[in-house]
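So the sequence shown is numbered by my numbering: it starts at 6 and just counts up by one.
This report concerns only the one structure given below.
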Amino acid sequence: MNRILIEEIRRNRKMMNINEADIQGIDELVYNPATKSGGDIGHGYDQGKRKDGITWSGHDDHLHIGFTNRDVAMKVIDKADQMGLITTENPYAKKDPNGKVDDVHTNGSFHYKTFPGKPKVGAGVDIRGDKGTIVKLIKWIENEYTHGNYSIDSTTEDGDSTSTAEDKLNKILNSDYNGESIGDLIDSTENQLEILSKLFKLISNFVK
6 MNRILIEEIR RNRKMMNINE ADIQGIDELV YNPATKSGGD IGHGYDQGKR KDGITWSGHD
66 DHLHIGFTNR DVAMKVIDKA DQMGLITTEN PYAKKDPNGK VDDVHTNGSF HYKTFPGKPK
126 VGAGVDIRGD KGTIVKLIKW IENEYTHGNY SIDSTTEDGD STSTAEDKLN KILNSDYNGE
186 SIGDLIDSTE NQLEILSKLF KLISNFVK
């Protein structure tokens with residue numbers, strides 16, 4: 006049953022990746038001067054969806070991007086570097102004066118997640134520099150990634166020994182509930198498809 010649940014999640018993740026995202030490979034994109042109402046762009050992205058007039062506290066002086074695809078992260082960071090912008094808060098950011106991800110972000114931030122593989126690439130980046138150049142970068146990103154189809158890559162959080170979302174899911178299924186594992190409870194339920202549907206809705210954000 007665990008295998009069936011994982012396959013169902015994979016299928017739904019693929020459908021979401023193709024049909025629901027307004028931008029591919031990117032979950033979050035916010036730079037208040039540009040993404041606010043009346044700003045140079047007038048919209049940003051959250052959970053892969055375009056959000057008109059989006060602003061976040063503390064994002065007046067830098068562009069924040071949260072990635073869901075390793076290749077997209079590398080290409081955007083490389084492009085920002087080529088444009089003379091300063092990329093920080095990502096192990097792949099070659100021009101970061103601190104050379105590390107600082108412990109200043111919210112819990113669960115993309116900055117604390119990394120994609121498998123070498124070189125080490127984080128799932129979040131902060132980009133500073135000339136406002137007009139940042140706006141040009143955002144326009145380039147939209148031109149490149151509001152079309153096409155990029156996979157949703159797995160990430161590992163700092164200090165987390167699990168390597169993929171499926172490992173985390175298996176931990177949940179094997180966890181104890183009233184003396185019985187959640188996986189066994191699913192197996193013993195007559196209407197398993199209904200349970201799978203409800204479970205998917207519950208954990209779809211978790212395996213995103």
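Where is the CB? At the ideal position from N, CA and C, for every residue including glycine.
Quantities reported herein were computed from a predicted structural model and do not represent experimental measurements.
Where do the ends of the alpha helix (DSSP H) carrying residue i lie?
i	result
Thr4	In this structure the chain extends from 6 to 213, so residue 4 is not present and cannot be described.
Tyr150	Lys136 to Tyr150
Lys80	Arg75 to Gln87
What's the call for residue i, buried or exposed, on a 16-neighbour Cβ count within 10 Å?
i	result
Lys41	buried
Lys118	buried
Asn37	buried
Gly164	Model confidence at Gly164 stands at a pLDDT of 48, short of 50, so the residue's coordinates are unreliable; what they give is reported in the following sentence. Label assigned to Gly164: exposed.
Lys144	exposed
Gly71	buried
Asp65	exposed
Less than 8 Å between C-beta atoms, sequence neighbours within five positions excluded: which residues of the same chain meet that for residue i?
i	result
Asp27	Tyr50, Gly53, Lys54, Arg55 and Thr151
Val77	Gln29, Gly30, Ile31, Tyr150 and Tyr155
Asp135	Gly89 and Leu90
Thr73	Gly30, Ile31, Asp32, Gly53, Ala128, Tyr155, Ile157, Asp158 and Lys213
Residues in the same chain with beta-carbon distance under 6 Å from residue i, minus the five sequence neighbours each way, listed in chain order, please.
i	result
Asp131	His67, His69, Thr93 and Glu94
Arg1	The chain is shown from 6 up to 213; residue 1 falls before or after that span and cannot be answered.
Ile46	Ala39, Thr40 and Ile143
Phe120	Arg75, Val126, Asp158 and Thr160
So the beta strand (DSSP E) residue i belongs to, where does it begin and stop?
i	result
Thr93	Ile91 to Thr93
Asp131	Gly129 to Arg133
His64	Segment: none, His64 is in no beta strand (DSSP E) and carries neither H nor E.
Asp101	No beta strand (DSSP E) contains Asp101, which DSSP labels as neither H nor E.
Suppose the cutoff is 7 Å on Cβ atoms and the five residues either side in sequence are ignored; what does the same chain contact list for residue i look like?
i	result
Ala98	Ile82, Thr92 and Val130
Lys100	Asp86, Ile91 and Thr92
Quickly, what does DSSP pair residue i with across the bridge? List them, please.
i	result
Phe115	For Phe115, which the question treats as bridged, DSSP gives no partner whatsoever.
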